[in-house]
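What follows is a set of notes on a single structure, which appears directly below.
There are 2 protein chains.
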Amino acid sequence: MNNWDLMENGALAIKHGKITFVGKESSATNIVADLKIDAGGKVATPGLINCHTHVPMTLFRGIAEDQPLDRWLKESIWPLEAKLKPTDVYAGALLGCLEMIKSGTTCFADTYFQEGMVARAVQESGLRAVLAEGILEAENCLIGQKTFRSSVHFVQEFNGFADGRVSVMLGPHAAYTCGLKLLKKVRGKASELNVGIHIHLAESKAMLKDFEKQHGSSEVEFLDRIGFLKDDVVAAHCVDLSDKDMRILAGRGVSVVHAPVSNMKLGLDVARINDLLRLGVNVGLGTDGPASNNTLDMFETMKFASLLQKVICHDPSVLPAYEVLKMTTINGAKALGIENQVGSLEVGKKADIILVDLSKPHLKPLHDLCASLVYSARGSDVDTVIVDGKILMQDRQVKTLDEETVVEMAEKAAADLLVR
Amino acid sequence: MNNWDLMENGALAIKHGKITFVGKESSATNIVADLKIDAGGKVATPGLINCHTHVPMTLFRGIAEDQPLDRWLKESIWPLEAKLKPTDVYAGALLGCLEMIKSGTTCFADTYFQEGMVARAVQESGLRAVLAEGILEAENCLIGQKTFRSSVHFVQEFNGFADGRVSVMLGPHAAYTCGLKLLKKVRGKASELNVGIHIHLAESKAMLKDFEKQHGSSEVEFLDRIGFLKDDVVAAHCVDLSDKDMRILAGRGVSVVHAPVSNMKLGLDVARINDLLRLGVNVGLGTDGPASNNTLDMFETMKFASLLQKVICHDPSVLPAYEVLKMTTINGAKALGIENQVGSLEVGKKADIILVDLSKPHLKPLHDLCASLVYSARGSDVDTVIVDGKILMQDRQVKTLDEETVVEMAEKAAADLLVR
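Line order of the protein sequences matches chains A and B.
Residue numbers for the first sequence follow my numbering, beginning at 93 and rising by one.
Residue numbers for the second sequence follow my numbering, beginning at 93 and rising by one.
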């Protein structure tokens, strides 16, 4: 089932959280199951993987809209983040998990502060996640040291958390917010602990110019010079890469996460995804934080990703639907280093599966399944979500979380935060 | 309620299809109503207006994906269109109407062939529409004459059809597919019959270059020279306008319809909507035909429109949410010449109203209603649709059409067409 091979009248079997059968329904008649799900009129696909977000930022959704990036950050987001309590992070993360389940995301990569609270939301929701506690220096060595220690501590404490559904990375914010020494320490520690690194890279032209003035090279060249870039690095955004930068990323096996909706909404640049793919770079997709998106809907992100490359390249054939589906499933899993566990429907892999209801008018007639999923489907067309073989949602009823409670908790946290 | 003034705890009253009260619920206690709809947890907005589409093309959704425009048209779309029967057009249009009701569109502007079948779908669905039978010459005078007569005949036959919910325009396809004489005839006839003109304009750079080679000026300059451009002209796309073109459109009061999703998907150019707005041009939004979109969801189109301008202008403050909402409601109504009837919630206007359910996780917390509607909401969040005071959908149950029958009819038409 790799490469978006499609199968009609297929069946899947799951045992102890893993896929034990993939094939024609007619060949599955001898399988005895405790529970059967009729997927008639639906399609089973690997659960979608959101490779870059900051889920607790659901709390800031709709705050300070349509503002320039620096004003948005300095006047609205950062002052609010400074006031965040662990319970707020938990409430925001739980709302994000609920939204992701309801839109077919089964695994997400997150970096934020107090990431332990995100891990707890993951545990409760039943989702899978690759989490990293943020490391940020901002020219203050002490803060750099402190956040580094927290990030390492998080790795040690939460690797394998929630029955193994949580895996971990180190989370240096960016080359422009972490100094040379700190970045080297992060690199060394990641190799020592055998975990990946989740970092923002080449996020905006303005920042890039400042960086070049200070360091005499681009962020990518700088990071490469200090030996930072390896195939365990997940680099989010990459909107302003030179040809040389792109060749370096390809050569080092770095995975890029494209976040088209957030990049567009913040008025930044367009990542040259088509060029990166041609160079053989592995690319996943992400929503970025919901405050700059404003959703966590990977169906929406798939459509934006494809259409943005088509218009930028003036070529409707670039980033075709099946390519985008791969980016959101198996290639996302590769980016996060878990492609041996999830990202495709194969025997032996963990059962992270979604069923999309194809009966809706906007999905009819069905001439091309991949195109339907990328260009027509919405998160709300997801009917059933299974992670680790456990049903998190069926008939759009979420089983692991009480929707009303989660929403109320987040609303209360956001309201308190604004008057704190 | 113009300019997206917001009201909390508001109430609306409707009588004989028109809005008779807009105000605080507390001031509405003495209104006696046969039927009350509780809109708690929901927001009432004017129904969305799709200013440019070809609804029967639902039948081609997903056919020939990710292909260059000329190949897509010549090898796939045109051969299929040549085989379309009136019943196919009806089936496709009815599916489109169903999809529009389910995503909060209450009025659409359509140009196609056998447009009478679209009018019948509008009648049955309960929607409002501004329809035009397409006029196309393509260097064959006889076809030009024939389609011109059909378009005029359609205007005469269908103006005020479906209890007045159908209004009409003439539908010359484009300056590059209709000759000088024909365009002059269209202009004269539109003025004589006092109806608008719905035309494709400046759709792609390649076509524009061919046109300039042949006529020595841009499409806009050419049309202006022959006196074609007046304030009753609705010009779809306008992706390749010079500064001079834009000043001409502003000076003549032409309305522009922006169709960002289709323009992006076909790998065309980006319309300079922000510049057009600055010049005072009235801009509405459209999905274009569902074969190049692939939905009729105006919520999606609103988000694409805003984010595309932000990234192209490198400025997150352009096309803010409230501006996009105006484009999709009152400015869309202006473009179609029906702003005295619909497009806002005002006493005396026709009751075209939607209720959007704000209880969904991806709309929480609610800090900014306009941002929620444009950046977070999806068509599937629309709970209730009212047109002309009649409930077309309530609790997502469509009242005027049987969903299953409509879908089956369209599926059958599409399947038959492919083997015909």
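Glycine residues also receive a C-beta, built at the ideal position from the N, C-alpha and C atoms.
Quick caveat: nothing in here was measured; it's all calculated off a predicted structure.
{"Asked": "B:Arg153 burial status per 10 Å Cβ neighbour count (16 or more: buried)", "Found": "buried"}
{"Asked": "Reference B:Ser310, options B:Ile340, B:Phe205, B:Glu284 and B:Gly188, closest by Cα", "Found": "B:Ile340"}
{"Asked": "Any C-beta of chain A under 8 Å from that of B:Ile169", "Found": "no"}
{"Asked": "Chain A contacts made by the region 346-368 of chain B, where a contact means CB separation under 8 Å", "Found": "Val353, Asn355, Met356, Lys357, Leu358, Gly359, Leu360, Asp361 and Val362"}
{"Asked": "Helix, strand or coil at A:Asn251 according to DSSP, with G and I counted as helix", "Found": "coil"}
{"Asked": "Coil, strand or helix - B:Arg370 by DSSP", "Found": "helix"}
{"Asked": "First through last residue of the alpha helix (DSSP H) which encompasses A:Ile404", "Found": "Met390 to Cys405"}
{"Asked": "Whole-number beta carbon distance between B:Val466 and B:Val416, since they are thought to touch under 8 Å", "Found": "5 Å"}
{"Asked": "Secondary structure of B:Tyr268, DSSP reduced to three states", "Found": "coil"}
{"Asked": "Listed by chain order, chain B residues near A:Thr137 by CB distance under 7 Å", "Found": "Within 7 Å Cβ-Cβ: nothing; A:Thr137 doesn't reach chain B, min ~16 Å."}
{"Asked": "Any C-beta of chain B under 8 Å from that of A:Pro264", "Found": "no"}
{"Asked": "With 16 other Cβ atoms within 10 Å as the buried cut-off, status of B:Leu358", "Found": "buried"}
{"Asked": "As assigned by DSSP and simplified to three states, the class of A:Glu495", "Found": "helix"}
{"Asked": "Whether B:Val477 touches B:Ile430 by CB criterion (8 Å)", "Found": "no"}
{"Asked": "A:Met299 in three-state terms, based on DSSP", "Found": "helix"}
{"Asked": "Straight-line Cα distance separating B:Ser436 from B:Ala185", "Found": "26 Å"}
{"Asked": "For B:Val278, the nearest candidate out of B:His307, B:Glu225, B:Lys301 and B:Glu313 (CA to CA)", "Found": "B:Glu225"}
{"Asked": "Near-chain B residues of the region 126-153 of chain A - C-beta to any C-beta below 9 Å", "Found": "Thr150, Leu151, Phe152 and Arg153"}
{"Asked": "Distance between A:Asp332 and A:Thr150 (C-alpha atoms, nearest Å)", "Found": "27 Å"}
{"Asked": "C-alpha distance - A:Ser53 paired with A:Met209, whole-angstrom precision", "Found": "Nothing can be reported for residue 53 of chain A: it is not among the residues displayed for chain A, which extend from 93 to 512."}
{"Asked": "Test: B:Cys405 CB closer than 8 Å to a CB of chain A", "Found": "yes"}
{"Asked": "Contact the region 446-457 of chain B vs the region 188-200 of chain A: 3+ CB pairs below 8 Å", "Found": "yes"}
{"Asked": "Coil, strand or helix - B:Gln215 by DSSP", "Found": "helix"}
{"Asked": "Chain B contacts made by the region 452-465 of chain A, where a contact means CB separation under 9 Å", "Found": "Lys452, Pro453, His454, Leu455, Lys456, Pro457, Leu458, His459, Asp460, Leu461, Cys462, Ala463 and Ser464"}
{"Asked": "Sheet register partners of B:Ile291 (DSSP bridge)", "Found": "B:Ala327"}
{"Asked": "Positions along the region 419-449 of chain A whose CB lies within less than 9 Å of some CB in chain B", "Found": "none"}
{"Asked": "Pairwise C-alpha distance: B:Arg488 and B:Ala120", "Found": "26 Å"}
{"Asked": "Below-8 Å beta-carbon distance, A:Arg512 vs any chain B residue", "Found": "no"}
{"Asked": "Residue range of the unbroken beta strand (DSSP E) whose run includes A:Asp475", "Found": "Val474 to Val479"}
{"Asked": "Alpha-carbon spacing of A:Arg317 relative to A:His307, whole angstroms", "Found": "11 Å"}
{"Asked": "Chain B within 8 Å of A:Ile155, Cβ atoms only", "Found": "yes"}
{"Asked": "C-beta neighbour in chain B for A:Lys194, strict 8 Å", "Found": "yes"}
{"Asked": "Three-way DSSP call (helix, strand, coil) for B:Met93 in this model", "Found": "With a pLDDT of only 36 at B:Met93, under the threshold of 50, the placement of this residue in the model should not be trusted; the figure read from the coordinates follows. Coil."}
{"Asked": "Partners in chain B for A:Tyr467, counting only beta-carbon separations shorter than 8 Å", "Found": "Gly154, Glu157, Lys357, Asn385, Asn386 and Thr387"}
{"Asked": "Any chain B beta carbon closer than 8 Å to A:Glu517", "Found": "Outside the shown range of chain A (93 to 512) lies residue 517 of chain A, about which nothing can therefore be said."}
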